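Chains as they are written, first to last, in the numbering used here: chain A, 4 to 260; chain B, 3 to 431; chain C, 26 to 395; chain D, 8 to 293.
Okay, structure first, notes after.
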Ligand SMILES: Cc1cc2nc3c(=O)[nH]c(=O)nc-3n(C[C@H](O)[C@H](O)[C@H](O)COP(=O)(O)OP(=O)(O)OC[C@H]3O[C@@H](n4cnc5c(N)ncnc54)[C@H](O)[C@@H]3O)c2cc1C
Ligand code: SF4
Ligand code: SF4
Ligand code: SF4
């Protein structure tokens, strides 16, 4: 490890704070992390702000306002490595559901003074405005994966973050497939692993919070959902959720519009 | 700049969840204006809930806040069950309380030690505090982890649990999944008592004001969910009546709506409100701890909310222990939910205060419209007023100290800005 | 061949426990029959049956009290011999170098596998060839294998996805077991015929109060097993199979299956013979402790064929083809048998319901989609 | 495993044991390629390898990569690896300094059948890092130079600066009567030699089709064109050997990654006689 501790900063855009909270939720490792890096800018945890440049920037949240576009560009300049964390930062998040609606129209109807609300039409991932070095998926991210990514960048290696299906994790942990054994629709076969296949172990279908896996076959999965009795509308809704604007999910939901 | 014409600015409030800033303008030595600006961009939850299936409400609304997802899940399932005319059996209800205790433990310990205590001890954050007092922070983390692990055991994970559904749970935990918590909760309970003692020794500004407190109240329990809504001025209403008595207003400087009580104005929700309105519902042990640290039954110094949080943490550990000791898995983890058109309201006590949900559902089970009133929106006018009174009283403090103290006055409420900006309500008839 | 009355089955299990074995066997969990630790015959799914179709599995109550009246579930025995995750070694920095300690320090418990079906036993024998049969042996596998005691159970009923008869791997066992049981239930008469395959098996059986089977008793068992074979509806035409697939590298059917295949890896995870793995190297935050973990892998993942210059098999078409061709063709070159035992797991647990026998039929040109 | 030179251990053994070994010297051959000279320490007494075999090299916490041995098989106690920096592990290896310890498992796989070339001409064709596994072949042949007739080395590099083992190439040509022809994809102002893909070099040499053995190693496409060219010049397929490459995790036939049709590159290869894999070479996404 270099003599000077690497500076890590955490930035937030439109989000629920859950992903950055994962760092504070890593109770067993938090002090270790704090020992290994200089947490230079992490407003959720500290009023101390060390100015940039930073070695690693973690960005949570989606870009939804013109001001945020400027801010994320500035942040990119400040960070040697920029890591987008969570469904908001990697796919626009749940708030990307607005991307199918006319935002201007409803801000106008609701607000007495719409000029106070500055917002873009779309909620977009960080990567659509600046180059991102690594995208860590999940709504929320898995804290073990976050530590792995930090660890990997600190030790200058590639993060071990599999991009295969949730099914693989489900089987590795010995869970029984809910779709086959209980006829519960499950997005697992099209969703990227990382959560530990939590939903199937709680007897429910995956709802896709880690976004599409590597080359997902969403249309084949949609066909299976149909066989399980889901309506077109249901299928549309199941792909249009926390990673609604991720390419593969967006296309599949649009196909069932 | 002249001393009596100054501006106190905290561009980015730290150690709160979300993004906001505080501006205090003074002229002629008087506080002219206080603005808690919430610039966290709005996320339009109520708008895009329309047209979603009622079953999706707990998963979707959880994403309003990563700090208190269980609160959102609980209020939303209660509202949906209200709309569908369903009452869950007691075992499921107890399991919900248990999950909620996990969130209270996690959130309160986080706030007490990692967000708030550094203010009292003069540290910029808990990590710096850990350098001087490693045992203290290590203990806090261990206490907090119990809450998180409890949420993981019942909900699958601590942030946005996956196991909550309208009607109950997807799978109920086995006894052997909960029993290992007994020893840890017992340990946590002792630590919580000790925490209450510790934080009560902090130095508190001499600052008390009058509040209109609002919280839930339950016939037997310290309030976590359901019951009635009561206020310190004597209002006692059903949850369904909430909107007759409370409203939200859009103010230009904030992306969060301001909650107001009709005919009364600002009010406060949260630990102080719960404590002051439900002291008699605390467990004997929690009341004893309060007595030992010389607090209650009524607390009006917002800076002392840290002590109240510690007492609520005592309660949460105790309550979790009680539920686990008595736990028998329900016959079925959930009730079948009859889909009917209707309007339903639900409220629960998020760690930061009362969280109200109301939904209208059509007969095909789709959400027609939704209203969500989070605690931070309700507290916003009160927070501004606290800061105004505080600055007025302590205007003589050195600038840096006054600024820090103002921040602290905001942090007394553990404001959750992400929650507060979930909104934009569409009232389309 | 001896007789164990159904009421005495537990004595066999107790005998194994008293010899220090951990029992692993079928038990009901999450709506399926899985192999997990069991304590007595009480834990067996008595009176439970299953229905299997492509992408469908369900349990049903049987109207009898059979202990083994169901087919294979989602979990195969490979989980116990070749664990899904295994720490291979740990390394600690020391000066300019490092020291290495083996990952598995705990001795493995001696384990009795209760209820191993003939197809599965053949699956184990196939994995033996992979991990023990070449110039190298897998140490962890060998240890687990040496510690395993196998109580096989012949099949007296076939599920809709079983095709062991085609593969020559069932429905009766021929080798590889310590004890083989056949469950017979005729009216009120409920017993097991038992046969020892090893001297240890003989010893375990010998310690029980058994008697020689009469001819009719033995025959009833054999008949039931034979019926299970002849009643099998699913078949795989194995004639020249390796050559067929080798010749059909560019068959359009691969495009067709690629439209349905989710590349989800389920088929490989549940297959008792699939053996691919990957390794993950990691360090702790201080960078002073490192670990290497072996994990099941699948030819359906992208990482599987990543090389510095790109990906060898980027399309699902190629990945499905690799899987099927490996099982039913290349395996023959590599290990002298086909790599499929006809258990039907990959058909049942494929969320898309892809049926390899149908794919083979289609490639042969006489399938429904040909 | 029919290969005559296959170094199968006599008794089954565990292929996973990792040995810490010390790096004696780091030689940067080009901008992105370097040779690690390794002191085998205690392992040295038992470690024998055949030209063409490879080791798995482990960098603490980063992982392993399959790397061919590029040194003289007759040396004991020491060996060398020439490594092209392309990703995580190879970059980790590039950071290694003299005296550092890395992990080593091996040797694995089948080597080049050098005896097959005795008394014959040898035509070696290498592309890029593919020269590394062929260097031990050169050493072996040069030690018994007279046992072989002509030795031809056709070598293609990306640019003049990417040419490996420059000094040795010249030495082989000058002192050992090796016909060394080098070409580059892109020349520079100082480059007076051939430009173009390695197969273009065939037009500058004459092969005695009946008495030439071919050894080929490089990127897969380059190898395909090379064997076509050799075929056109009449070399018998069973006289051509190539070394293949795939993703590899275990190196002992357990992990399944390196399957190439029916072959496991790790244990059946990496060196194959062409007839054995001829039918596989044209298969896309195999
Ligand atoms: C038999 C054999 C001999 C080899 N000899 C040499 C040599 O002498 N010199 C040399 O520089 N390179 C050689 N290679 C290639 C070398 O193994 C890869 O370049 C190296 O594994 C890349 O690892 P990385 O972590 O640096 O790359 P990354 O791109 O970070 O690796 C990504 C992933 O792909 C895998 N991977 C990528 N490329 C390969 C590959 N070609 N083979 C196996 N796994 C791969 C890695 O295991 C890793 O998991 C040889 C490969 C084989 C199979
Ligand atoms: S199973 Fe799917 S929805 Fe559930 S936690 Fe994992 S990725 Fe998210
Ligand atoms: S390929 Fe399918 S049927 Fe054959 S052994 Fe594997 S899982 Fe069973
Ligand atoms: S064949 Fe079926 S189980 Fe296998 S990867 Fe394809 S979809 Fe998944």
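Every residue gets a Cβ at the ideal spot worked out from N, C-alpha and C, and that includes glycine.
Quick caveat, the model's predicted, so the values are computed rather than measured.
- If you look at residue 63 of chain D, you'll find it in the beta strand (DSSP E) that goes 61–66.
- Taking 7 Å as the threshold, the shortest C-beta distance from residue 160 of chain A to chain D falls below it.
- Using a Cβ distance threshold of 7 Å, residue 192 of chain A and residue 168 of chain A count as a contacting pair.
- For residue 13 of chain A, the closest alpha carbon among the candidates A:58, A:34, A:32 is that of A:58.
- Along the length of the stretch 107–164 of chain B, whole alpha helix (DSSP H) runs at least 4 residues long occupy 119–123, 128–134, 136–157, reported in chain order.
- For residue 279 of chain D, no alpha helix (DSSP H) encloses it; the enclosing beta strand (DSSP E) starts and ends at 278–280.
- Contact with chain A is found for residue 162 of chain B, since one of that chain's Cβ atoms lies less than 7 Å from the residue's Cβ.
- When the beta-carbon positions are compared, residue 349 of chain C and residue 220 of chain A stay at least 7 Å from each other.
- Listed by position along chain B, the residues whose Cβ is nearer than 7 Å to that of residue 42 of chain A are 129.
- Contact between residue 191 of chain C and residue 253 of chain C is ruled out by a C-beta separation of about 13 Å, above the 8 Å threshold.
- Under the Cβ criterion (8 Å, minimum of three pairs), the stretch 108–125 of chain C counts as touching the stretch 313–322 of chain C.
- Each of C:331, C:332, C:333, D:61, D:72, D:73, D:74, D:75, D:90, D:91, D:93, D:94, D:95, D:96, D:97, D:136, D:139, D:252, D:254, D:255, D:277 has a C-beta closer than 5 Å to some heavy atom of ligand 1; these make up the full list, in chain order.
- In terms of beta-carbon proximity, residue 175 of chain A lines the interface with chain C, with at least one pair separated by less than 7 Å.
- Separation of residue 99 of chain B and residue 359 of chain B (C-alpha to C-alpha, rounded to the nearest whole angstrom) is 18 Å.
- Think of a sphere of 9 Å around the beta carbon of residue 294 of chain C: the chain A residues whose beta carbon falls inside it are 170, 171, 173, 174, 175, in chain order.
- Beta-carbon to beta-carbon, residue 236 of chain D and residue 281 of chain D are separated by about 13 Å, too far to satisfy the 8 Å threshold.
- Chain A has no Cβ within less than 7 Å of the Cβ of residue 72 of chain C.
- With a cutoff of 6 Å, residue 135 of chain C does not count as near ligand 3, since its C-beta is closer than that to no heavy atom of the ligand.
- If you compare the alpha carbons of C:84, C:345, C:63 with that of residue 73 of chain C, the shortest gap goes to C:84.
- Under the three-pair Cβ rule at 8 Å, the stretch 238–248 of chain A counts as touching the stretch 198–218 of chain A.
- Between ligand 4 and the CB of residue 265 of chain D, the shortest heavy atom gap is not smaller than 6 Å.
- For the stretch 224–257 of chain A, residues whose beta-carbon sits nearer than 9 Å to a beta-carbon of chain C comprise 224, 226, 227, 230.
- Taken from the Cβ of residue 78 of chain C, every heavy atom of ligand 4 lies 6 Å or farther away.
- Taken from the Cβ of residue 349 of chain C, every heavy atom of ligand 4 lies 6 Å or farther away.
- Apart from sequence neighbours up to five positions away, the residues of its chain that approach residue 155 of chain A with a beta-carbon distance below 8 Å are 161, 162, 163, ordered along the chain.
- Counting only runs of 3+ residues, the beta strand (DSSP E) found wholly inside the stretch 100–172 of chain C occupies 110–119, 122–127, 136–141, in chain order.
- Contact annotation: the stretch 395–404 of chain B does not touch the stretch 31–46 of chain C, with fewer than three C-beta pairs closer than 8 Å.
- Looking from the CA of residue 181 of chain B, the closest CA among B:152, B:171, B:207 belongs to B:152.
- The nearest non-hydrogen atom of ligand 3 is less than 6 Å from the C-beta of residue 369 of chain C.
- Checking the 6 Å criterion, the Cβ of residue 25 of chain B is out of range of every heavy atom belonging to ligand 4.
- For residue 280 of chain B, the uninterrupted alpha helix (DSSP H) segment begins and ends at 273–280.
- Its chain contains 329, 330, 331 as the residues whose beta carbon lies nearer than 8 Å to that of residue 177 of chain B, once the 5 sequence neighbours on both sides are disregarded; these appear in chain order.
- Around the beta carbon of residue 225 of chain C, a 10 Å sphere encloses fewer than 16 other beta carbons of the protein chains shown; the residue is thus reported as exposed.
- Shown here for residue 360 of chain C: same chain residues with a beta carbon closer than 6 Å to its own, the five before and five after excluded, namely 154 in chain order.
- Taking a beta-carbon distance threshold of 7 Å, residue 101 of chain B does not count as an interface residue toward chain A.
- Residues 235, 238, 239 of the same chain have their beta carbon placed closer than 6 Å to that of residue 259 of chain A, with the five preceding and five following residues left out of the count.
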